[in-house]
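As C-alpha cells, the structure follows; a few thoughts come after it.
Numbering (my numbering), first residue to last: 1 to 147.
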C-alpha cells in the first residue's frame, strides 16, 4: 500500500487567529464551510479544536463514500489535525501569516492507499478530487472570515 496525499492551499484576507478560530469551531463555523460532499455531520464531543470528536460521511465520488469519525488535536500553534478512527486518513490544517491581515491556509490529507492497479488509479485521481473538494471548503472559509 502506497501513501496517498492531497494538498490544497489558499491565501485568505483575514488574521491568522481569526482563520484558525473559524476552522476550529466545529459547532458553529465548520458546518457552514462544508460542501455537498459532506453529510451526516455531527459533533459528538467538544466542538472547539483540541478534544473534539466529529463525524461525517465524505462522498468523494458517486461510488466512494467514507464514514469518518475524527479525533481533533492541536499539536502546534495554528495547526489542527483530524485523525479518522475508521481508517488511516489524517487531515492537517495549517494556518500561517501571509502578510498584514492575511493568512495562508494549507490542508493536507494522507492515507494508506490500495495496492495493485486500484491503488495506481487511487493515487493518480483521488488527490485531484479531494483537492477540488477542499478548494471549495477553503473558498467558503474565505467568504466567512473576510466579511
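Each residue gets a CB set at the ideal place from its N, CA and C atoms; glycine is no exception.
Exercise. In terms of residues, what are the limits of the beta strand (DSSP E) holding residue 80?
Worked result: Locating residue 80 in the chain shown gives position 80, where the first residue counts as 1. Start and end: 79–84.
Problem set entry | residue 34 in three-state terms, based on DSSP | Reading the chain shown from its first residue, position 34 is the one you call residue 34. Reduced to three states, the DSSP call for residue 34 is coil.
Exercise. Comparing alpha-carbon positions, which option in 129, 30, 147 and 145 lies nearest residue 65?
Worked result: On the chain shown, position 65 is the one that residue 65 refers to. Comparing Cα-Cα distances from residue 65 to each of 129, 30, 147 and 145, the minimum goes to 129.
Exercise. Among 23, 43 and 3, which one has its Cα closest to the Cα of residue 144?
Worked result: The residue given as residue 144 occupies position 144 in the chain shown. Ranked by how close their Cα comes to the Cα of residue 144, the residues 23, 43 and 3 have 23 in first place.
Exercise. Between the region 47–63 and the region 100–113, do at least 3 Cβ pairs fall closer than 8 Å?
Worked result: As far as the Cβ criterion goes, the region 47–63 does not touch the region 100–113, which means the pair count is below three.
Exercise. Which of the three DSSP states, helix, strand or coil, is assigned to residue 102?
Worked result: Along the chain shown, read from residue 1 onward, the residue named residue 102 stands at position 102. Three-state DSSP puts residue 102 in coil, outside helix and strand.
For this session: Compute the distance between the beta-carbons of residue 6 and residue 131, then report whether it is under 9 Å.
Result: Start at 1 with the first residue of the chain shown, and residue 6 comes out as number 6. Start at 1 with the first residue of the chain shown, and residue 131 comes out as number 131. In this structure, residue 131 lies closer than 9 Å to residue 6 by Cβ.
For this session: For the alpha helix (DSSP H) containing residue 22, list its first residue and its last residue.
Result: To locate residue 22, count along the chain shown from 1; it is residue 22. First-last of the alpha helix (DSSP H) with residue 22: 16–24.
For this session: Verify whether the separation of the beta carbon atoms of residue 36 and residue 54 is less than 9 Å.
Result: In the chain shown, residue 36 corresponds to position 36, counting from 1. In the chain shown, residue 54 corresponds to position 54, counting from 1. Cβ distance not < 9 Å, so residue 36 and residue 54 don't count as in contact.
Exercise. So residue 10 is in the beta strand (DSSP E); what residue range does that whole segment cover?
Worked result: As a position in the chain shown, residue 10 is number 10, starting the count at 1. Start and end: 3–12.
For this session: May I ask which residues mark the beginning and end of the beta strand (DSSP E) holding residue 94?
Result: Working through the chain shown from its first residue, we reach residue 94 at position 94. Counting along the chain, the beta strand (DSSP E) containing residue 94 begins and ends at 90–97.
Problem set entry | Bounding residues of the beta strand (DSSP E) (the contiguous stretch that carries residue 57) | Taking the first residue of the chain shown as position 1, residue 57 is located at position 57. For residue 57, the enclosing beta strand (DSSP E) has its first and last residue at 53–59.
For this session: Please work out which residues of its chain come closer than 8 Å, Cβ to Cβ, to residue 19, disregarding the five sequence neighbours upstream and downstream, and give them in chain order.
Result: Residue mapping note: residue 19 aligns to position 19 of the chain shown, counting from 1. Counting only Cβ-Cβ distances below 8 Å, and skipping sequence neighbours, we find 12, 95, 103, 105, 141 and 145.
Exercise. My guess is that residue 91 and residue 79 are in contact by the Cβ rule of under 8 Å, so how many angstroms apart are they, rounded?
Worked result: Residue numbering aside, residue 91 sits at position 91 when the chain shown is read from its first letter. Residue numbering aside, residue 79 sits at position 79 when the chain shown is read from its first letter. About 11 Å separates the Cβ atoms of residue 91 and residue 79, ruling out a contact at the 8 Å cut-off.
Exercise. In terms of DSSP beta bridges, what is residue 42 paired with?
Worked result: Sequence index remark: in the chain shown, residue 42 carries index 42 (1-based). According to DSSP, residue 42 shares a beta bridge with 55.
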